[in-house]
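One point on numbering: in the working numbering, the residue at position 168 of the sequence shown is 170, and numbering is uninterrupted.
Worksheet: one structure, shown below.
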Amino acid sequence: MRDAELLIPRPHRQSVKSLVNDGSQALDTIETASPGVKIILLANNTWKYWRDPSDIMLQEVFTSSWDETKPNPYNVALGDLPEKINIWVVDTLSEYKCPYQTKVYSPFGYRHRRRHQGVDLPLKTGTPVYAAFAGKVRLSKYFRGYGNLVVIRHENGLETFYGHLSKREVEPGDWVDAGQEIGLGGSTGRSTGAHLHFETRYQGYAFDPQWLIDFETGTLRHRLFSLQKKHLNANSRYVPESDDVEIDILLGDARDYAVADSIAAVRKAEEEKAAREAAAARYVTVKSGDTLSRIASRNGTTVSAICRLNSGLTAKTVLKIGRKIRVK
Ligand SMILES: [Zn+2]
Numbered sequence: 003m004r005d006a007e008l009l010i011p012r013p014h015r016q017s018v019k020s021l022v023n024d025g026s027q028a029l030d031t032i033e034t035a036s037p038g039v040k041i042i043l044l045a046n047n048t049w050k051y052w053r054d055p056s057d058i059m060l061q062e063v064f065t066s067s068w069d070e071t072k073p074n075p076y077n078v079a080l081g082d083l084p085e086k087i088n089i090w091v092v093d094t095l096s097e098y099k100c101p102y103q104t105k106v107y108s109p110f111g112y113r114h115r116r117r118h119q120g121v122d123l124p125l126k127t128g129t130p131v132y133a134a135f136a137g138k139v140r141l142s143k144y145f146r147g148y149g150n151l152v153v154i155r156h157e158n159g160l161e162t163f164y165g166h167l168s169k170r171e172v173e174p175g176d177w178v179d180a181g182q183e184i185g186l187g188g189s190t191g192r193s194t195g196a197h198l199h200f201e202t203r204y205q206g207y208a209f210d211p212q213w214l215i216d217f218e219t220g221t222l223r224h225r226l227f228s229l230q231k232k233h234l235n236a237n238s239r240y241v242p243e244s245d246d247v248e249i250d251i252l253l254g255d256a257r258d259y260a261v262a263d264s265i266a267a268v269r270k271a272e273e274e275k276a277a278r279e280a281a282a283a284r285y286v287t288v289k290s291g292d293t294l295s296r297i298a299s300r301n302g303t304t305v306s307a308i309c310r311l312n313s314g315l316t317a318k319t320v321l322k323i324g325r326k327i328r329v330k
């Protein structure tokens, strides 16, 4: 069992490099077998997945406890939260960008008896600040303490806060991609010099963002983060020396590993299947006199196989001339 475990890849333990905005142009999009997921071909000969935000934004995470004026819209007692919750920070369909890469100037925790709920990252006023992950902007507003603040909610339930901005470039309800510029760094609000105040929160409770991100290298530490309730304590700071030990504790017992690995394996298999199918996709245009069975036999397939490939298409659908139908 021990040997067998060693053979299993552990993608959740891999760190993730910050996205590079190389301005590569999108050349084309390809449908995949999953509705709402497309493959974008880029000019630099790479490709990436693209998910339709209009589907994602309907999820409950983006509608419940949604308030566009309050930094903390949740009303959750710490006692009601689980001891440990596994969060996919980045999965095979999502990306990561370091909001601003530099040495942390002021860490999470108490500072001069004041609670500091994030990390301070010094920068020059006017420096672009990026969304760490894709998500929906929940708040974009000026506060006396935070100055210009942008809060983004992510699909996994986490929220990221970007404070003291000199300029806010997004509005509540906007969908942002990972690495999208959301504003410019500055020193607005209660601040003694230009810096980005960056927070990570779960259900309104802040935890040290350094559990997720190594700001000096810009790297995301792990794809899967196991948030423990004790991290939500205002004094719980990331401890670098204990990282390896922590990862093991964080990711829990062997069963958690196995679950995480099998989720990752299933995702990978689905992804590869989608890519293979997308690469093999073939479309035909309906001509006068065509029926689904004629199109099927011409293309060496069946009516039911064609219906599976085209959402909304059934054997009874009246075909319009000129309609594009996927046959492979
Ligand atoms: Zn701060």
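All C-beta atoms in this analysis are idealised placements derived from N, C-alpha and C, irrespective of residue type, glycine included.
Under 7 Å: does the beta carbon of residue i sit that close to some heavy atom of ligand 1?
i: G120; result: yes
i: H199; result: yes
i: S108; result: yes
Using DSSP bridges, identify the partner residues of residue i.
i: Q27; result: BP columns for Q27 are empty, so no partner.
i: A208; result: R203
i: T221; result: D216
i: V361; result: The first residue shown for the chain is 3 and the last is 330, placing residue 361 beyond what the model contains.
i: F145; result: G149
i: S228; result: N88
i: I42; result: T31 and K50
i: V139; result: I154
i: H197; result: P124
i: E183; result: Y132
i: V18; result: L222
Just to confirm before moving on: does the CB-CB distance between residue i and residue j stay below 8 Å?
i: V18; j: L226; result: no
i: V268; j: V329; result: no
i: E183; j: E171; result: yes
i: V178; j: Y164; result: no
i: R239; j: F110; result: yes
i: L123; j: H197; result: yes
i: K270; j: T94; result: yes
i: V139; j: G185; result: no
i: S193; j: T127; result: no
i: S228; j: N47; result: no
i: A276; j: V39; result: yes
i: V63; j: E157; result: yes
i: V305; j: S295; result: yes
i: V78; j: P211; result: no
i: I308; j: I297; result: yes
i: C100; j: F217; result: yes
i: G175; j: T129; result: no
Can you tell me which of the options puts its alpha carbon nearest to the alpha carbon of residue i?
i: Y102; options: I32, T65 and E201; result: E201
i: Y207; options: C100, W52, P84 and V288; result: P84
i: L56; options: P37, T71, L44 and P73; result: Position check: residue 56 holds Ser in this sequence, whereas Leu was assumed. Cα-wise, what sits closest to S56 is P37.
i: T31; options: L21, Q16, S20 and R53; result: R53
i: V106; options: A136, E157, E274 and H199; result: H199
i: G147; options: T304, G137, Y51 and K72; result: K72
i: G220; options: G314, H233 and Y98; result: Y98
i: L80; options: K231, F135 and V121; result: K231
i: Q205; options: S168, N74 and I41; result: N74
i: Y51; options: E274, E173 and E157; result: E274
i: W49; options: R325, G302 and A280; result: A280
i: Q16; options: A133, G120, I215 and A283; result: I215
i: A180; options: W213, R284, C100 and A136; result: A136
i: Q27; options: S20, V39 and A45; result: A45
i: R278; options: Q119, I41, W213 and N235; result: I41
i: V22; options: S108, L60 and A133; result: A133
i: N150; options: T303, S168, E157 and I297; result: S168
i: F145; options: L125, G175 and G191; result: G191
i: A282; options: Q61, L311 and S96; result: L311
i: G159; options: A307, M59 and T303; result: M59
i: Q119; options: I308, E272 and H233; result: H233
i: R203; options: H166, I154 and G195; result: I154
i: V320; options: K143, N301, R284 and G291; result: G291
I'd like the span of the beta strand (DSSP E) that includes residue i, first residue to last.
i: P124; result: V121 to P124
i: S36; result: From DSSP, S36 is part of no beta strand (DSSP E); its letter is neither H nor E.
i: V92; result: Note, V92: premise wrong, no beta strand (DSSP E); not H, not E.
i: V305; result: No beta strand (DSSP E) holds V305; the alpha helix (DSSP H) holding it covers V305 to L311.
i: L167; result: L160 to L167
i: R113; result: G111 to R113
With respect to the alpha helix (DSSP H) encompassing residue i, which residues constitute its N-terminal and C-terminal limits?
i: R117; result: It is not in any alpha helix (DSSP H) - R117 instead sits in the beta strand (DSSP E) that spans R116 to H118.
i: P55; result: P55 to I58
i: L294; result: L294 to R300
Should residue i be counted as a contact of ligand 3 given a C-beta to heavy atom distance under 7 Å?
i: R116; result: You won't find ligand 3 in this model; what it holds is ligand 1.
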